[in-house]
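Our numbering runs 67 ahead of the 1-based position in the sequence shown.
Beneath this line is the structure, given in structure tokens, with notes to follow.
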Amino acid sequence: MKGGRVELVDLSKRYGSTEPPAVDHVTLDIEPGEFITLLGPSGSGKTTTLNMIVGFTEPTSGRVRLNDRDITQMPPHKRNFGMVFQNYALFPHLTVAQNVAFPLRERKVPAAETERLVGGALDLVDLAGMGNRRPHELSGGQQQRVALARAVVFSPSVLLLDEPLSALDRKLRQTLQREIKRLHDELGLTFVFVTHDQDEAMTLSDRIAIFDAGRIVAVGTPAELYHRPSTLFVARFLGESTVFAGRLVAPDVYAWHDRKWTITGRPRDGALVVRPERIAVALDEQSVPAGANTAPAVVTDVSFYGTFHRVELAFGDDSVGCTVLPAGTSPAIEPGARVIAHWRPEDQVLVTAEP
Ligand code: ADP
Ligand code: MG
Numbered sequence: 068m069k070g071g072r073v074e075l076v077d078l079s080k081r082y083g084s085t086e087p088p089a090v091d092h093v094t095l096d097i098e099p100g101e102f103i104t105l106l107g108p109s110g111s112g113k114t115t116t117l118n119m120i121v122g123f124t125e126p127t128s129g130r131v132r133l134n135d136r137d138i139t140q141m142p143p144h145k146r147n148f149g150m151v152f153q154n155y156a157l158f159p160h161l162t163v164a165q166n167v168a169f170p171l172r173e174r175k176v177p178a179a180e181t182e183r184l185v186g187g188a189l190d191l192v193d194l195a196g197m198g199n200r201r202p203h204e205l206s207g208g209q210q211q212r213v214a215l216a217r218a219v220v221f222s223p224s225v226l227l228l229d230e231p232l233s234a235l236d237r238k239l240r241q242t243l244q245r246e247i248k249r250l251h252d253e254l255g256l257t258f259v260f261v262t263h264d265q266d267e268a269m270t271l272s273d274r275i276a277i278f279d280a281g282r283i284v285a286v287g288t289p290a291e292l293y294h295r296p297s298t299l300f301v302a303r304f305l306g307e308s309t310v311f312a313g314r315l316v317a318p319d320v321y322a323w324h325d326r327k328w329t330i331t332g333r334p335r336d337g338a339l340v341v342r343p344e345r346i347a348v349a350l351d352e353q354s355v356p357a358g359a360n361t362a363p364a365v366v367t368d369v370s371f372y373g374t375f376h377r378v379e380l381a382f383g384d385d386s387v388g389c390t391v392l393p394a395g396t397s398p399a400i401e402p403g404a405r406v407i408a409h410w411r412p413e414d415q416v417l418v419t420a421e422p
């Protein structure tokens with residue numbers, strides 16, 4: 068088994084006795100070989116959690132386990148985890164090859180073996196032939212590849228990445244995202260990835276743990292969290308939504324202002340959420356399919372994204388939402404147009420509103 072199983076058991080961290088906990092009773096099982104992402108706004112406790120996994124930060128309470136063994140008190144170097152940071156953290160005076168060799172030197176790996184492993188790691192990140200350069204002779208993306216090579220050269224069972232792509236521009240970030248995914252597939256290690264970027268989390272992860280104020284508020288696959296968010300926070304944080312703050316008036320009826328909508332599935336009192344690709348807009352009642360839930364809306368904005376248009380909708384004074392239309396559809400959908408938004412009852416989700 069190449070990838071380690073990491074268990075966080077009721078993990079908490081308080082930096083000061085008067086401050087709220089930075090990490091608040093976090094429990095999470097990370098499967099061997101899994102790509103899991105900790106996603107949350109800035110200050111929600113992601114880095115602190117990662118640092119407790121790697122051993123840089125001592126938990127105030129709770130346990131960390133690796134392959135069923137308690138490692139809470141084990142020093143970082145003994146855990147043998149790879150780590151990649153946002154700012155690369157390369158040694159500027161060392162060459163690329165020396166940077167990558169650094170963890171092997173610490174581990175007293177013989178020279179011939181070191182050379183072989185460094186060559187392999189540089190190949191892995193597409194930097195073969197760059198071994199003699201210094202970090203300042205490389206682009207940001209290349210520097211982060213060096214950091215990746217250095218983090219995996221000693222065959223760790225777990226790789227922890229703290230916002231590794233946040234300093235790169237969009238195009239480069241997408242390229243490196245693919246590289247990181249390929250690295251995960253090739254190496255079979257457990258990846259724990261931290262980001263505040265929802266798109267990055269969605270495209271890379273087997274599962275996402277969503278953090279809010281030091282707590283994990285949801286865990287699931289990207290599809291589960293997107294299609295079946297349990298709370299309004301999750302729905303808002305991951306992807307776009309149209310949110311109606313109405314209420315359940317019968318087990319199968321949801322009311323919002325003068326609208327009465329059909330509920331299928333489990334009733335839940337809270338907000339009603341519809342994802343953009345599940346909402347359609349019609350110009351008249353006749354075009355609305357039977358059985359659909361409907362709401363009159365005004366188009367407030369149409370933006371062109373190449374393959375689709377993003378259409379912003381206002382529903383009265385208290386609800387805004389959006390839908391997406393394939394490029395080349397009705398020119399009548401323009402700002403100011405009055406439309407009927409409609410969706411199938413099975414395409415909406417009832418979520419609990421925040422406490
Ligand atoms: P994230 O990585 O999600 O942005 P962090 O784990 O860095 O969140 O921070 C969580 C909370 O803990 C924040 O309120 C932050 O200010 C606080 N914090 C983080 N590191 C320290 C520290 N070394 N000393 C005191 N407070 C800290
Ligand atoms: Mg952080």
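C-beta atoms are modelled at their ideal positions from N, C-alpha and C, and glycine is treated no differently.
Just so you know, these numbers come straight off a predicted model, no measurement behind them.
Can you find the residues in the same chain that come closer than 8 Å, C-beta to C-beta, to residue i, ignoring five residues on each side of it along the sequence?
i, result
"residue 208", "235, 239, 242, 243"
"residue 293", "269, 305, 306, 342"
Sorted by chain position, which residues of the same chain lie with C-beta nearer than 6 Å to residue i's C-beta, five sequence neighbours on each side aside?
i, result
"residue 129", "76, 77, 78, 79"
"residue 311", "323, 339, 386"
Is residue j closer than 7 Å to residue i when the C-beta atoms are compared?
i, j, result
"residue 257", "residue 225", "yes"
"residue 377", "residue 389", "yes"
"residue 152", "residue 229", "yes"
"residue 185", "residue 167", "yes"
"residue 418", "residue 299", "yes"
"residue 363", "residue 407", "yes"
"residue 163", "residue 217", "no"
"residue 90", "residue 281", "yes"
"residue 126", "residue 119", "yes"
"residue 102", "residue 273", "yes"
"residue 220", "residue 170", "yes"
Here's the rule: buried if 16 or more other CB atoms are within 10 angstroms of the residue's CB, otherwise exposed. What is residue i?
i, result
"residue 353", "exposed"
"residue 386", "buried"
"residue 371", "exposed"
"residue 140", "exposed"
"residue 345", "buried"
"residue 333", "exposed"
"residue 204", "exposed"
"residue 327", "exposed"
"residue 112", "buried"
"residue 72", "buried"
"residue 316", "exposed"
"residue 320", "exposed"
"residue 308", "buried"
"residue 413", "exposed"
"residue 146", "buried"
"residue 158", "exposed"
"residue 110", "exposed"
Within the same chain, show all residues whose beta-carbon is closer than 7 Å to that of residue i, passing over the 5 residues directly before and after it, in chain order.
i, result
"residue 359", "409, 410, 411"
"residue 301", "277, 284, 285, 292"
"residue 392", "375, 376, 378, 400"
Would you mind giving the Cβ-Cβ distance between residue i and residue j, rounded to the nearest angstrom? I have them listed as a contact below 8 Å.
i, j, result
"residue 259", "residue 227", "5 Å"
"residue 381", "residue 367", "5 Å"
"residue 425", "residue 105", "This structure cannot speak to residue 425, because the chain is shown only from 68 to 422."
"residue 197", "residue 189", "7 Å"
Under 6 Å from any heavy atom of the ligand ADP, by CB: list those residues in chain order, please. 82, 89, 107, 109, 110, 111, 112, 113, 114, 115
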